[in-house]
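Peer 1: I am attaching a structure below and will ask some questions about it afterwards.
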Amino acid sequence: KVITPMFLAGADGQTPELRAPSIKGAMRFWWRALNGHLGVESQIKKEGKNTILMSAGLRDQEVSIFGGTGGVEGERRSSFSIIVSPEDIQFGEEKLVPHKESRFTSRCIQAGSTFRVKLIIPRGYSVKTKVHGSEVEIFNRSKLIALFQLFTALGGVGRRVRRGMGSFLITGATSSQNEEISLQKKSELEGLQSLLSVISPYFVINKEKGLIYQQYSGRMEKYPWIQKIEVGENRSGFLTELSQLTHDTKNRDSRKYEVNMGHAFRGRFASPLFFSVLSAEKVVVTTLNTIPNRDNHLIDLNLQTEFKERIL
8 KVITPMFLAG ADGQTPELRA PSIKGAMRFW WRALNGHLGV ESQIKKEGKN TILMSAGLRD
68 QEVSIFGGTG GVEGERRSSF SIIVSPEDIQ FGEEKLVPHK ESRFTSRCIQ AGSTFRVKLI
128 IPRGYSVKTK VHGSEVEIFN RSKLIALFQL FTALGGVGRR VRRGMGSFLI TGATSSQNEE
188 ISLQKKSELE GLQSLLSVIS PYFVINKEKG LIYQQYSGRM EKYPWIQKIE VGENRSGFLT
248 ELSQLTHDTK NRDSRKYEVN MGHAFRGRFA SPLFFSVLSA EKVVVTTLNT IPNRDNHLID
308 LNLQTEFKER IL
């Protein structure tokens, strides 16, 4: 069920449309962000004409799961498929930037709309790669289902997704035999940590500070990976407050804001702060690592902390 407006379109770039590639692309992003402990490239060794995989890097594992070209094993198809079926889709016009007083709106899929996502998983689903000549499992059915739930908790789809747009929740899940699949309570840190533990052993809860953080420092300096996850209280007008705070923070010092919070010019840098609306009661904020750029001297993580504290 859609919680906040989804601003995304089909082939004509204008008509709102939710498609399977949008779902799979977001799942791919979050899988990558959940595996910051991996090196980007695989470690290989040449022995005569043979290439031996010593350790599977993030790039090759990603291709094995989601499909792609290149890498040690060459071109691969996605290991699973997705079908998206509309049920009760309502189209409308909403403000993409809620705090602005202008009447400018964009076409969207409105909150309250419902749709169904079917994950087509082969029987005995297991994604493996050969390390030192032996097969090692890197992904399976349990990890895929956990990843889908995490994706819906930490983010969404469409434009302005990092500022709370395009959020949706899972209202129920069944297997192909119509057996109900149990879902974790995403609004609680314990539920999120339980899902995270299925994919990565490096996420732990700090109950005193009310957050989940990654113990491993991460190897992907130039790629986004999750540093910590915080859950806060939702309230009426939250998206408008978030939009206004973004505007005010940027106005105070635009250059410093852009280095720490994202910009859309001089080479796009997406915000390291991801706000997602979980429900009428809860929001979740995911902090990714800040990517180094040519203005490194302006990086000030206190700005991110202050921003989160003001909105949470």
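For the sequence shown, position 146 (counting from the first letter as 1) is numbered 153 according to our numbering, and the numbering increases by one without interruption.
Virtual Cβ for every residue (Gly too), placed ideally from N, Cα, C.
Every value quoted in this text rests on a predicted model; they were computed, and no experiment measured them.
Thinking C-beta only, is T293 closer than 9 Å to K235?
Peer 2: Within the sequence shown, residue 235 is the residue found at index 228, counting from 1. Within the sequence shown, residue 293 is the residue found at index 286, counting from 1. Closer than 9 Å, so yes.
Peer 1: In its own chain, which residues sit with a C-beta less than 8 Å from the C-beta of S250, not counting the 5 before and 5 after it?
Peer 2: To locate residue 250, count along the sequence shown from 1; it is residue 243. Cβ within range, chain order: V104, P105, H106, K107, R170.
Peer 1: For G7, count the other beta carbons within 10 Å of its own beta carbon; 16 or more makes it buried, fewer makes it exposed. Which is it?
Peer 2: Beyond the ends of the chain as shown, which are 8 and 319, falls residue 7; an answer cannot be given.
Peer 1: In angstroms, rounded to a whole number, what distance separates the CA positions of R35 and F111?
Peer 2: For the purposes of this step, residue 35 is identified with residue 28 of the sequence shown, where counting begins at 1. For the purposes of this step, residue 111 is identified with residue 104 of the sequence shown, where counting begins at 1. The C-alpha of F111 is placed about 32 Å away from the C-alpha of R35.
Peer 1: Should the region 113–124 be regarded as contacting the region 23–31, the criterion being three or more beta carbon pairs within less than 8 Å?
Peer 2: yes
Peer 1: Between N300, G239, P231, I90, which lies nearest to N217 when the distance is taken from Cα to Cα?
Peer 2: Translated into the one-based positions of the sequence shown, residue 217 becomes position 210. Going by the sequence as given, residue 217 is Gly instead of Asn. Of the candidates N300, G239, P231, I90, the one whose C-alpha sits nearest the C-alpha of G217 is G239.
Peer 1: To the nearest angstrom, how far is the alpha carbon of A118 from that of E142?
Peer 2: The count along the sequence shown starts at 1 and reaches residue 118 at position 111. The count along the sequence shown starts at 1 and reaches residue 142 at position 135. For A118 and E142, the distance between alpha carbons rounds to 45 Å.
Peer 1: What did DSSP end up calling D255 once you bin it into helix, strand or coil?
Peer 2: Translated into positions along the sequence shown, residue 255 becomes position 248. Here D255 sits in helix by DSSP.
Peer 1: Out of S283, M268, F281, state which residue places its alpha-carbon closest to the alpha-carbon of L308.
Peer 2: Looking up residue 308 in the sequence shown gives position 301. The alpha carbon of L308 has as its nearest neighbour, out of S283, M268, F281, the alpha carbon of M268.
Peer 1: By how many angstroms is the C-alpha of G198 removed from the C-alpha of Y223?
Peer 2: Working through the sequence shown from its first residue, we reach residue 223 at position 216. Working through the sequence shown from its first residue, we reach residue 198 at position 191. Using only the alpha carbons, I get a separation of about 21 Å.
Peer 1: According to DSSP, is L97 helix, strand or coil?
Peer 2: What you label residue 97 is simply residue 90 of the sequence shown in a count that begins at 1. Sequence inspection shows Gln at residue 97; the Leu mentioned does not correspond to that position. Residue state, collapsed to three classes: coil.
Peer 1: Taking buried to mean at least 16 other C-beta atoms within 10 Å of its own C-beta, is M172 buried or exposed?
Peer 2: For this step, residue 172 is matched to residue 165 along the sequence shown. Buried, because 16 or more other Cβ atoms sit within 10 Å of the Cβ of M172.
Peer 1: Buried or exposed, going by whether 16 or more other CB atoms sit within 10 Å of the CB of I90?
Peer 2: Here residue 90 refers to the residue found at position 83 when the sequence shown is read from its first residue. Label assigned to I90: exposed.
Peer 1: By the three-class DSSP mapping on this structure, what secondary structure does E187 have?
Peer 2: Translated into the one-based positions of the sequence shown, residue 187 becomes position 180. Three-state result, E187: strand.
Peer 1: How is Y220 classed by DSSP in three states: helix, strand or coil?
Peer 2: For the purposes of this step, residue 220 is taken as the residue at position 213 of the sequence shown. Strand.
Peer 1: Anyone know if the C-beta pair for S71 and L60 falls short of 9 Å?
Peer 2: In the sequence shown, counting from the first residue as 1, residue 71 sits at position 64. In the sequence shown, counting from the first residue as 1, residue 60 sits at position 53. Result no, Cβ atoms of S71 and L60 do not sit closer than 9 Å.
Peer 1: Throw me the rounded Cβ distance for the E248 and I318 pair, which I believe falls under 8 Å.
Peer 2: Within the sequence shown, residue 248 is the residue found at index 241, counting from 1. Within the sequence shown, residue 318 is the residue found at index 311, counting from 1. With a Cβ gap of about 6 Å, E248 and I318 count as contacting.
Peer 1: Whole angstroms are fine: how far does the CA of N42 sit from the CA of V211?
Peer 2: The count along the sequence shown starts at 1 and reaches residue 211 at position 204. The count along the sequence shown starts at 1 and reaches residue 42 at position 35. Roughly 14 Å separates the two Cα atoms.
Peer 1: Using only CA atoms, which one of N258, S174, R66 lies nearest to C115?
Peer 2: Numbered from its first residue, the sequence shown carries residue 115 at position 108. With distances taken between CA atoms, C115 lies nearest to S174 out of N258, S174, R66.
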